[in-house]
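See below for the structure under consideration.
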Amino acid sequence: MSATSRKAAQTTHDFGDSLGLVAAHQHPNGGGWVADTARVSGSAYVSETARVFGAAQVYESAQVYESAQVSGDAIVSGGAIVYGNARVFGNAIVSGDAIVSGNAHLFGNAHVYGSARVFGDAKIESGSIGRVPIDSAAALARYLAVLAAAKGGAR
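In our numbering, the protein residues as written are 1 to 155.
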């Protein structure tokens, strides 16, 4: 077989998102699976058991490890870390030194930034959280109520 007629083998992976096998590769920094439709910078870390797929983006020194998944149009950047069984998807953004861990889900238009921590079974669908640990929906509701009261009292 001549070199010009040889076809390169395409690597595929099933991300478990009902799309079946899609074109993918293992990230050189950690070995985790990254769909060819996603973008992960060379300086970012994706561990062997982590997954980045859809149109997700992981930039700078961000880390995705253990069984964590970043998908959809989500962005993880800066020194942000997503780990455990955490899921970041939809249009969610994790930036700065924020951490999403445990079984937390960050989705919709949620933005976690600064030194915020989202962990446990927290489910955050929208809004911005900075510099605050959120470990449950009840804790988030209390935090948002305090913010709303503070804004109302500042008139």
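Glycine is no exception: its CB is placed at the ideal position from the N, C-alpha and C atoms.
- With a cutoff of 8 Å on beta-carbon distance, A44 and V58 are scored as near each other.
- Within the region 15–55, the complete beta strand (DSSP E) segments at least 3 residues long are 21–26, 33–35, listed from N- to C-terminus.
- When the Cα atoms are used, G42 and V52 turn out to be separated by approximately 14 Å.
- Counting the other CB atoms within 10 Å of its CB gives G90 a total of 16 or more, which places it among the buried residues.
- About 12 Å separates the beta carbons of G20 and A35, which is beyond the 8 Å limit, so they are not a contact pair.
- Counting along the chain, the unbroken beta strand (DSSP E) around Y113 starts and ends at 111–113.
- Restricting attention to V100, I93, I75, G79, the CA atom closest to the CA of E66 is found in V100.
- If you draw a 10 Å sphere on the C-beta of S77, you find 16 or more other C-beta atoms in it, and that means buried.
- A56 places its beta carbon 8 Å or farther from that of V46.
- Here DSSP, grouped into helix, strand and coil, assigns Q10 to coil.
- The beta carbons of G96 and G72 sit no closer together than 8 Å.
- Burial is judged here by how many other beta carbons sit within 10 angstroms of a residue's own beta carbon; Q10 has fewer than 16 and is exposed.
- Across the set G108, G16, A68, the C-alpha of A68 shows the shortest separation from the C-alpha of V82.
- With contacts defined by Cβ atoms closer than 8 Å, A92 and G114 do not form a contacting pair.
- When the five nearest sequence neighbours on each side are left out, the beta carbons in the same chain lying within less than 6 Å of the beta carbon of R87 are those of Q69, H105, in order along the chain.
- With distances taken between CA atoms, Q26 lies nearest to A50 out of S18, A50, G16.
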